[in-house]
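Take any residue in the sequence shown, note its place counting from 1, add 139, and you have its number in the working numbering.
Glycine is no exception: its CB is placed at the ideal position from the N, C-alpha and C atoms.
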Amino acid sequence: MLNVDEDNYKEAVESSYKVSVTPGISNEIRQIIDDNSSEVNSSSSDFWVLVSALKEFIPNEGNGELPLEGTIPDMTSLTEYYVSLQKIYQAKAESDCLAMEHRVKSILKRIGRDPESISRAYIKTFCKNTRKLKVCRYRSMEEEFSSPVLSEVQKYFADEDSCYAMNFYVLLRAVDRVAASYSRLPGIFDSEIVEDVPRLKAAAVSVLSDMGLKGASLSEDLVTEVCRFAGAEIHPVAAFIGGVASQEVIKLVTKQFVPLNGTFIFNGIDLKSQVLAL
Numbered sequence: 140m141l142n143v144d145e146d147n148y149k150e151a152v153e154s155s156y157k158v159s160v161t162p163g164i165s166n167e168i169r170q171i172i173d174d175n176s177s178e179v180n181s182s183s184s185d186f187w188v189l190v191s192a193l194k195e196f197i198p199n200e201g202n203g204e205l206p207l208e209g210t211i212p213d214m215t216s217l218t219e220y221y222v223s224l225q226k227i228y229q230a231k232a233e234s235d236c237l238a239m240e241h242r243v244k245s246i247l248k249r250i251g252r253d254p255e256s257i258s259r260a261y262i263k264t265f266c267k268n269t270r271k272l273k274v275c276r277y278r279s280m281e282e283e284f285s286s287p288v289l290s291e292v293q294k295y296f297a298d299e300d301s302c303y304a305m306n307f308y309v310l311l312r313a314v315d316r317v318a319a320s321y322s323r324l325p326g327i328f329d330s331e332i333v334e335d336v337p338r339l340k341a342a343a344v345s346v347l348s349d350m351g352l353k354g355a356s357l358s359e360d361l362v363t364e365v366c367r368f369a370g371a372e373i374h375p376v377a378a379f380i381g382g383v384a385s386q387e388v389i390k391l392v393t394k395q396f397v398p399l400n401g402t403f404i405f406n407g408i409d410l411k412s413q414v415l416a417l
């Protein structure tokens with residue numbers, strides 16, 4: 140007799156909605172597959188060679204789907220049933236990985252590279268994570284400074300949540316300009332704060348002009364406050380920023396999780412942070 144209070148039936152009911160989810164490939168993954176970089180040549184990175192192989196795999200061995208990860212979630216089940224189900228998924232994942240490996244070698248040979256130059260371990264890792272692929276393209280600081288995207292700048296200044304962070308961004312760049320001109324940070328000497336405020340304000344107006352906002356200016360109170368702060372490094376704030384920076388380094392080194400895309404601004408007064416993609 141069926142007992143609906145049994146754990147496995149409860150789990151089945153709770154997960155039943157997944158049956159109605161339409162299978163397929165997300166738009167984000169589709170964009171990566173259709174990226175121009177997937178048309179590989181001898182100078183292409185290993186990642187794009189694998190994407191090119193994935194592009195070939197999907198309509199062929201994949202039958203319109205990505206390679207199977209080969210893992211199943213924990214569930215209430217008899218051990219023998221769970222292991223049997225797990226083996227089925229693992230076998231399909233291994234088959235998909237083998238098909239991908241053959242396509243990778245074929246592509247490498249076609250573009251004039253050593254067919255063994257991409258390890259099976261890397262291919263296997265790629266196959267397990269095809270649903271989580273992410274391509275990050277960043278503008279360099281030189282591009283950000285020399286060719287700002289006016290529409291993004293205007294958007295941030297018009298947005299109430301981003302405007303304050305944008306003001307600090309402009310002032311931090313203005314501080315660098317004052318420091319470059321006078322070989323010191325503005326406000327570092329109490330006796331010169333009165334002279335430094337207009338210097339910093341003029342530098343901020345110059346930064347705004349370079350960003351395409353000619354005639355714009357910032358709050359006098361905010362300029363004065365930045366001068367008064369004089370480049371001080373408060374220990375808790377410095378520790379927090381150091382933690383953020385180290386976290387981003389770990390992301391880049393391990394190639395796991397998605398790094399911040401833009402300039403990170405932390406407002407220690409209101410304990411708010413903002414990423415400005417300029």
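Exercise. Nearest-angstrom Cα distance between GLU204 and TYR156?
Worked result: Here the question's residue 204 lines up with position 65 in the sequence shown. Here the question's residue 156 lines up with position 17 in the sequence shown. Approximately 20 Å, taken between the alpha carbons.
Exercise. Between CYS275 and the rest of its own chain, which residues show a CB-CB distance below 8 Å, the 5 nearest in sequence each way excluded?
Worked result: Taking the first residue of the sequence shown as position 1, residue 275 is located at position 136. Closer than 8 Å at the Cβ level, and outside the excluded window around CYS275, lie VAL397, PRO398 and ASN400.
Exercise. Is there at least one Cβ from chain B nearer than 8 Å to ILE164's Cβ?
Worked result: Given the protein chain composition of this structure (a single chain), no chain B is represented.
Problem set entry | For LYS81: DSSP bridge partner residues | Residue 81 lies beyond the stretch modelled for the chain, which goes from 140 to 417, so this question has no answer here.
Problem set entry | Three-way DSSP call (helix, strand, coil) for VAL179 in this model | Taking the sequence shown and counting its residues from 1, the one referred to as residue 179 is at position 40. VAL179: coil per DSSP, three-state reduction.
Exercise. In the segment 288 to 331, which residue ranges form an unbroken alpha helix (DSSP H) of at least 4 residues, counting only runs that do not cross its ends?
Worked result: 289 to 297 and 299 to 321
Problem set entry | Top-ranked residue by Cα proximity to GLU150, from SER184, ASP213 and PRO198 | Taking the sequence shown and counting its residues from 1, the one referred to as residue 150 is at position 11. Among SER184, ASP213 and PRO198, the Cα nearest to that of GLU150 is on ASP213.
For this session: Would you tell me roughly how many angstroms separate the C-alpha atoms of ASN180 and ARG259, rounded to the nearest one?
Result: Here residue 180 is taken as the residue at index 41 of the sequence shown, counted from 1. Here residue 259 is taken as the residue at index 120 of the sequence shown, counted from 1. Rounded to the nearest angstrom, the two C-alpha atoms are 20 Å apart.
Exercise. Smallest Cα separation from ASN406: which of LYS244, ALA232 and LEU311?
Worked result: To locate residue 406, count along the sequence shown from 1; it is residue 267. Looking at the Cα atoms, LEU311 is the closest of the given residues.
Exercise. Taking Cβ positions, are ASP315 and GLY326 nearer each other than 8 Å?
Worked result: In the sequence shown, counting from the first residue as 1, residue 315 sits at position 176. In the sequence shown, counting from the first residue as 1, residue 326 sits at position 187. No; because the gap between Cβ atoms is not below 8 Å, this pair is not in contact.
Exercise. In chain order, what residues of the same chain have a beta carbon less than 8 Å from the beta carbon of ASN147, not counting five sequence neighbours either side?
Worked result: Here the question's residue 147 lines up with position 8 in the sequence shown. Contacts found: MET214, THR215 and SER216.
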